[in-house]
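Here the structure comes first, spelled out in structure tokens, and everything after it is commentary.
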Amino acid sequence: MRAKETKLRVWIIAKTGGSICTAHCTCMAGLGEVCSHVTAVLYAAEHAAYLKQQKNEKNVACTDVKSTWPVPTQSGTHPIEAASLDWGKVIEEKNYKKIPQIDDSEMLGLLQELKNSNCDAVLMRHVEPFASQLSDENNEKVSIPVLFNVYHKKYEKMPLDDLIQLGMKCKMEVTQNIRREIEDKTQDQRKCAEWYRQRTGRVTASIFKDVCRTNVEKPSLSLIKSICYPRKISTRAIRWGINHEQLAIDAYKKEKDKSRTDGN
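Under the working numbering, the residues of the sequence shown are numbered 188 to 451, in order.
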């Protein structure tokens, strides 16, 4: 039965001894006087008679007697108006466990353990002597300048103007030979680790517009992070392009070979 439908009406004629004379219900099956609604009413009547019979024996539940419930354990409470109630939340003072500050020797020891386990942590790129070691290791095979060893702890509290002047003094010479080497080493792009290394600290084409639009005096923090710590971007369009990249290359080669054949 749906909630919006009209309630069914059931009536039963019975004798004092309990025998049923007739019954009727307004449902479709009730016309035959054998519907389940009639049965449910009979069970309810039987249960009510049983409770009435047991009432004298004091076996009736508290919910079967009007205004009867267990006495509350708390005493001394008085009813008040809702407007007078205090709905505020009790604010307890938070007790945080004091963690001792790590010193430089402990930090270096932790980074040394990470290095021994062949873990390339980002923090190692900014803390000496690991930053210089990483730069030297990377330049053993590739003579391409990187920007990992620019950071120094003493620069952290310097004002912006001083940092700008300091940055202007950092000489990063990129010769014609270095440009050719960068091009050769990064042709595979996303498949090449050197491609990600060379993007670190540099304004690439994908973020050039954001760099031009940001406030110079208060640059976007997310933009700075994307420059200093470039991450792999994974969007639906990029994933589609990666999955179909080889198909595009094959189609280009096929079309190029066809044009050469037609030209000959």
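Note that beta-carbon positions come from the ideal geometry of N, C-alpha and C, so glycine has one too.
Practice prompt. Helix, strand or coil for W198, going by three-state DSSP, please let me know.
Written response: The three-state reading of DSSP puts W198 in strand, counting E and B together.
Measure how close the beta-carbons of T373 and W382 come, nearest whole angstrom, since I'm counting them as under 8 Å. About 4 Å separates the beta carbons of T373 and W382, which is inside the 8 Å limit, making them a contact pair.
Checklist entry - Helix, strand or coil: which one does DSSP assign to T226? => result DSSP places T226 in helix when its eight states are reduced to three.
Between which two residues does the beta strand (DSSP E) carrying A380 extend?
Here A380 belongs to no beta strand (DSSP E); instead the alpha helix (DSSP H) covers A380 to R386.
Have a look at S409 and K340 and give me their C-alpha separation to the nearest angstrom.
Within the model, the alpha-carbon separation for S409 versus K340 is close to 21 Å.
request  = Note down the Cα distance separating A318 from Q433, rounded to an integer number of angstroms.
outcome  = The straight-line gap from Cα to Cα measures roughly 37 Å.
Problem - Buried versus exposed call for C222 [16 or more other C-beta atoms within 10 Å across all chains shown] - result: It is buried - the Cβ of C222 has at least 16 other Cβ atoms within 10 Å.
Please state the DSSP three-state secondary structure of T448.
Here T448 carries a helix assignment [DSSP, helix/strand/coil].
Taking DSSP as the reference, what is the three-state secondary structure of I207?
Three-state DSSP puts I207 in a strand.
Practice item. Specify the secondary structure class of C212 as computed by DSSP and reduced to three states. Key: When DSSP states are grouped into helix, strand and coil, C212 belongs to the strand group.
Discussion item. In whole angstroms, give me the CA-to-CA distance for W274 and I286.
Written reply: W274 and I286: Cα-Cα distance of roughly 36 Å.
Exercise. Where V361 and R384 are concerned, what is the direct C-alpha to C-alpha distance, given to the nearest angstrom?
Worked result: V361 and R384: Cα-Cα distance of roughly 15 Å.
*Bounding residues of the alpha helix (DSSP H) (the contiguous stretch that carries V398)*: That run of the alpha helix (DSSP H) goes F395 to R400.
- [ ] Tell me whether the beta-carbon of V225 lies closer than 8 Å to the beta-carbon of A236.
- [x] The Cβ atoms of V225 and A236 do not sit closer than 8 Å to each other.
message: Assuming the contact rule is C-beta atoms closer than 8 Å, S413 and I394 should be a hit. Round their C-beta distance to whole Å, please.
response: The pair is a contact, with the Cβ atoms about 6 Å apart (cut-off 8 Å).
#### Entry: Extent of the continuous alpha helix (DSSP H) run through M355
Unbroken alpha helix (DSSP H) run through M355: L347 to K356.
Please report the straight-line C-alpha distance between D371 and C379, rounded to a whole angstrom. Here the C-alpha atom of D371 lies approximately 11 Å from the C-alpha atom of C379.
Extent of the continuous alpha helix (DSSP H) to which L301 belongs
DSSP places L301 inside the alpha helix (DSSP H), whose first and last residues are D291 to N303.
Figure out for me which residue from V403, A201, A438 and R377 has the closest Cα to the Cα of I429. The candidate whose alpha carbon is nearest that of I429 is R377.
inquiry  = Could you tell me the alpha carbon to alpha carbon distance between K194 and V228, rounded to whole angstroms?
reply    = Distance from the CA atom of K194 to the CA atom of V228, rounded to whole angstroms, is 14 Å.
message = Distance check for K239 and G205, CA to CA, integer angstroms please.
response = Cα atoms of G205 and K239: separation of roughly 15 Å, rounded to the nearest angstrom.
- Task: Can you grab the Cα-Cα spacing for the pair V314 / A435, in whole Å?
- Result: Their Cα atoms are separated by approximately 43 Å.
Between which two residues does the alpha helix (DSSP H) containing K412 stretch?
K412 -> alpha helix (DSSP H) spans L408 to C415.
query: Counting along the chain, where does the alpha helix (DSSP H) carrying W427 start and finish?
result: Per DSSP, the unbroken alpha helix (DSSP H) holding W427 starts and ends at R423 to N430.
query: Around the Cβ of C399, are there at least 16 other Cβ atoms within 10 angstroms (buried) or fewer (exposed)?
result: Sixteen is the threshold: since fewer than 16 other Cβ atoms of the shown chains lie within 10 Å of the Cβ of C399, the residue is exposed.
| said: Determine whether the beta carbon atoms of C415 and T387 lie at a separation below 8 Å. | reply: In contact: C415 and T387 (Cβ atoms closer than 8 Å).
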